[in-house]
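The sequence shown: position 248 = 248 (full-length UniProt numbering), numbered continuously. Yeah, the Cβ is synthetic: ideal placement off N, Cα and C, and Gly gets one too.
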Amino acid sequence: MPESIANPAAPLELIPLPAFQDNYIWLLAGGGGDCIVVDPGDAAPVLAAASRGLRPVAVLLTHHHADHVGGVQALLEAFPVACYGPDDSRVPAAALRVGDGDRVEVPALGVCFDVIAVPGHTRSHIAFHGAGLLFSGDTLFSLGCGRLFEGSPEQMLESLDRLAALPGDTRVCCGHEYTQANGRFAQVADPGNAECARRLDAVRAARARGEPSLPVSLASERDCNPFLRTDTAAVRDTVARRLGRPPRDRLEVFATLRDWKDGFAG
1 MPESIANPAA PLELIPLPAF QDNYIWLLAG GGGDCIVVDP GDAAPVLAAA
51 SRGLRPVAVL LTHHHADHVG GVQALLEAFP VACYGPDDSR VPAAALRVGD
101 GDRVEVPALG VCFDVIAVPG HTRSHIAFHG AGLLFSGDTL FSLGCGRLFE
151 GSPEQMLESL DRLAALPGDT RVCCGHEYTQ ANGRFAQVAD PGNAECARRL
201 DAVRAARARG EPSLPVSLAS ERDCNPFLRT DTAAVRDTVA RRLGRPPRDR
251 LEVFATLRDW KDGFAG
């Protein structure tokens, strides 16, 4: 469901386009129809939106996986606009390379995004933060985080710490509709978390209505996401029971959670 975002220049509309089995391609649109496209793994949903009056003016890419960049070439053939992505040869060659600390400006919408390096899921993964939004790709999910395909637990924990330090009212726009599955693990890893239980009740109701569970506030993620709560007694105690001893530090808490989640079938 589109969501309006306060902006001093013009009202912006956030639109999650479903793709594949559980991906979201995010659009951020202005009142005149100009829009930013984030992680177009498939061009077809974006081109369909364009046929209804939206006009891509920029493309943002968080990482190289095909379900996030597979539609870039076809989209840029139809709309030859600036495309920004991480400095990685596996990202489409048309992308302008950006890295940690860079800023991407989109004058057509009057917005800019800070680029944050968030390695872990992939070695070159980046996130975009601006206009009160965080496009986190497959690093931070609602109630979870991405698998470690290329990075280390230490890298991912540092990446999540960086994202968790952003303002609490930041709206997290991640790449997949994983909230309910992540929530089942969260309730095992962080039992008794009443805020997480309330969030999952709201998510189940939204999904039953055919609505996305996203975006979600970063404040809610800090309250509910066990991967952002490695310092809390409840999560540490759960990990201690799994290890049969107290964890050495929060890195071991995180690494144990991530390894556990990889094989979790709850």
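Short of 6 angstroms from the beta carbon of H64, and not among the five residues preceding or following it, lie these beta carbons of its own chain, in chain order: D88, R90 and V91.
Between A206 and P16, the alpha-carbon positions lie close to 14 angstroms from each other. Among the bridge pairs identified by DSSP, C112 is matched with E105. Cβ atoms of V118 and V81 stay farther apart than 8 angstroms, at about 24 angstroms. In this structure, F20 lies near D67, with their beta-carbon atoms less than 8 angstroms apart. Taking the Cβ atoms as the reference, P86 lies roughly 13 angstroms from S136, outside the contact range of under 8 angstroms.
Between L163 and G183, the beta carbon gap of about 19 angstroms keeps them out of contact (Cβ cut-off 8 angstroms). Residues G168, D169, T170, R171 and V172 of the same chain have their beta carbon placed closer than 8 angstroms to that of S217, with the five preceding and five following residues left out of the count. Taken in chain order, the unbroken stretches of beta strand (DSSP E) that lie wholly in the UniProt domain "Metallo-beta-lactamase" (22-176) and span 3 residues or more are 23-29, 34-38, 55-60, 82-86, 96-98, 103-106, 111-117, 126-130, 133-137 and 171-174.
DSSP, read as helix, strand or coil, puts E195 in helix. A distance below 6 angstroms between beta-carbons, with the five flanking residues on each side excluded, links D223 to the following residues of its chain, in chain order: E195. In its chain, beyond the 5 residues on either side, L140, S142, L143, A164, V172 and L228 have a beta carbon closer than 8 angstroms to the beta carbon of E221. Counting only residues of its own chain and dropping the five nearest sequence neighbours on each side, G53 has a CB closer than 8 angstroms to the CB of G33.
A residue is called buried once 16 or more other Cβ atoms fall within 10 Å of its Cβ, and L109 is buried on that count. Assigned with DSSP and collapsed to three states, S217 falls in strand.
In the three-state DSSP reduction, E13 falls in the strand class (E or B).
Rounded to the nearest angstrom, the gap between the Cα atoms of A43 and Y24 is 12 angstroms. Residue burial annotation: A49 is buried, with at least 16 other C-beta atoms found within 10 angstroms of its C-beta. F264: not part of any alpha helix (DSSP H); DSSP gives it neither H nor E. Just measuring C-alpha positions, the residue of A95, P107 and N225 sitting nearest A29 is P107. Going by beta carbons, R258 and P153 fall inside the 8 angstroms limit. P226 carries a helical assignment under DSSP once its states are collapsed to helix, strand and coil.
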